[in-house]
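Numbers 60 to 361, taken from the numbering used here, label the letters of the sequence shown in order.
Ideal placement from N, C-alpha and C gives every residue a C-beta, glycine not left out.
In this text, all values refer to a predicted model and were calculated from it rather than measured experimentally.
As C-alpha cells, the structure follows; a few thoughts come after it.
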Amino acid sequence: MIAIRFDRFGGPEVLRPVELPAPRPQPGQTLITVEAAGVNFADTHQTDGSYLTADMLPHVPGSEVVGRTPDGRRVLARVSNGYAEQVLAADSALVDIPEDLPAAHALALLTQGLTAWHLLRTAARLVPGERVVVHSAAGGVGSLAVQLARRFGAARVLAQASTPDKRRLALELGADGIADYPLPEPADVVLDAVGGALFDQALDSLALSGRLVTYGNAARTPFTPLDPARLSRLNASVVGFWLRPTLKAPGAFAEPLRELLALTADGRLRPVTGPRYPLAQARRAHEDLLARRTTGKVTLHP
C-alpha cells in the first residue's frame, strides 16, 4: 500500500510517498480502507518535530480517517498513521457515519470539531451571555468554534482572521463582527491557536475573570514570559488545551461527537470544507496550510 512518511524532522519537503506492507489488525483493532484522511495543523508540528510529544522516526502522520471496514461499514475513526491507503483503528475509536455525509464534513467534526467543542465547554467553561473572540476564525477549528459559541449561548462572537475573504466567511458563519485589537469592549473568552503578538494583544483585552485559552502556536514564535500580576489585576486566567489527553476522560469522545454529528445532520452546524489533495500530494497540502492559503477542512484522498 502507499503511505506518506517522513524519515527526519523538517518542513513539508520531508513528506514522501512510500510503499509499505498493509497493517495487520490485532485483537481489539479494525482494518480500515481509507476513503479520505484529514489534515490538521498539528500534523505540521509532528513533521517538524515541534509537537507536544515527539514521534519515533520514521513516522506516518495523520490522526483521522473516513473509510470502510472489512464488513462494509462506513466509519469515522481516530488513528495514529492516517496518511495511508489502509490504517488500523481501535474498535473504541470507530463511529459509524451515514453514507450521504461527505467525508470532509465528517473529518471536520473529529479532531477540529471536538477541539472546538472542548475549547468552549471544557477549557473556557463558557457561560451563556459572555463575549467570545475566536482567532483563526475561518480555519477548521475556528469556523466551528464561531458557530458553537453562538449555539452555546455567547452574547457576542467576534472573529479574527488573516484576509478579507476569511473575515467574510466568519461573518457568514454567524460572527457578530471582526476582532481588531484593542477590542472596543473586553472579552470574557478568547480562543487562540496563533500565539506570538496576537496572544499578548488578547491577554491585554480580557474582561474581569476572563479566560484566554491557548491551543497552538501557528506563529511559531516563543511566548513572552507571563507575569502573574497581569492576571491578578483582572482575576483572569490563561488555560492551556490539548485534545489528546482530554479525550481520555469518560464521556469526552463519543457523546460530544454524536452531538456534533446531529447538529450537522439537521443543518444547525456547517462544517467548512477546504481543498482536497491526492494522497501523494501531502507535501503540497502542508505547504498550503502553512502559507495560510487554505480555508476549512483539508483532506487527502488515496
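Tell me the rounded alpha-carbon separation between residue i and residue j.
i	j	result
ALA197	ASP150	33 Å
ILE156	ARG227	31 Å
ASP325	ASP114	39 Å
ARG127	PRO245	48 Å
SER221	PRO86	46 Å
ALA278	ALA204	20 Å
THR323	ALA288	42 Å
ASP159	VAL248	36 Å
LEU74	VAL124	18 Å
ALA252	ASP224	19 Å
THR106	ALA213	36 Å
GLY199	ARG132	26 Å
GLY355	ALA218	15 Å
ARG317	LEU147	22 Å
ALA238	TYR142	35 Å
LEU285	ASP130	53 Å
Pull up the DSSP beta-bridge partners for residue i, would you.
i	result
ASP136	According to the sequence displayed, residue 136 carries Ala and not Asp. BP columns for ALA136 point to VAL124, LEU153.
ALA96	VAL124, LEU359
ALA148	THR89
How would you label residue i, buried or exposed, when you count the other beta carbons within 10 angstroms and need 16 or more for buried?
i	result
ASP336	A small correction: the amino acid at residue 336 is Tyr; Asp does not occupy that position in the sequence shown. It counts as buried.
ALA96	buried
LEU267	exposed
LYS307	exposed
ARG342	buried
PHE282	exposed
LEU111	exposed
ASP400	Since the first and last residues shown for the chain are 60 and 361, residue 400 lies out of range.
TYR240	exposed
THR353	buried
THR280	exposed
For the alpha helix (DSSP H) containing residue i, name the first residue and the last one.
i	result
GLY172	172-177
ASP259	255-262
ARG227	223-231
SER268	Unbroken run through SER268 is the beta strand (DSSP E), 265-273; no alpha helix (DSSP H).
I'd like the span of the beta strand (DSSP E) that includes residue i, first residue to last.
i	result
VAL193	190-193
ALA218	215-218
**OP:** Please specify which runs of the beta strand (DSSP E), each continuous and at least 3 residues long, are wholly inside the stretch 288-355, giving them in chain order.
**Re:** Listed in chain order, they are 296-299, 332-337.
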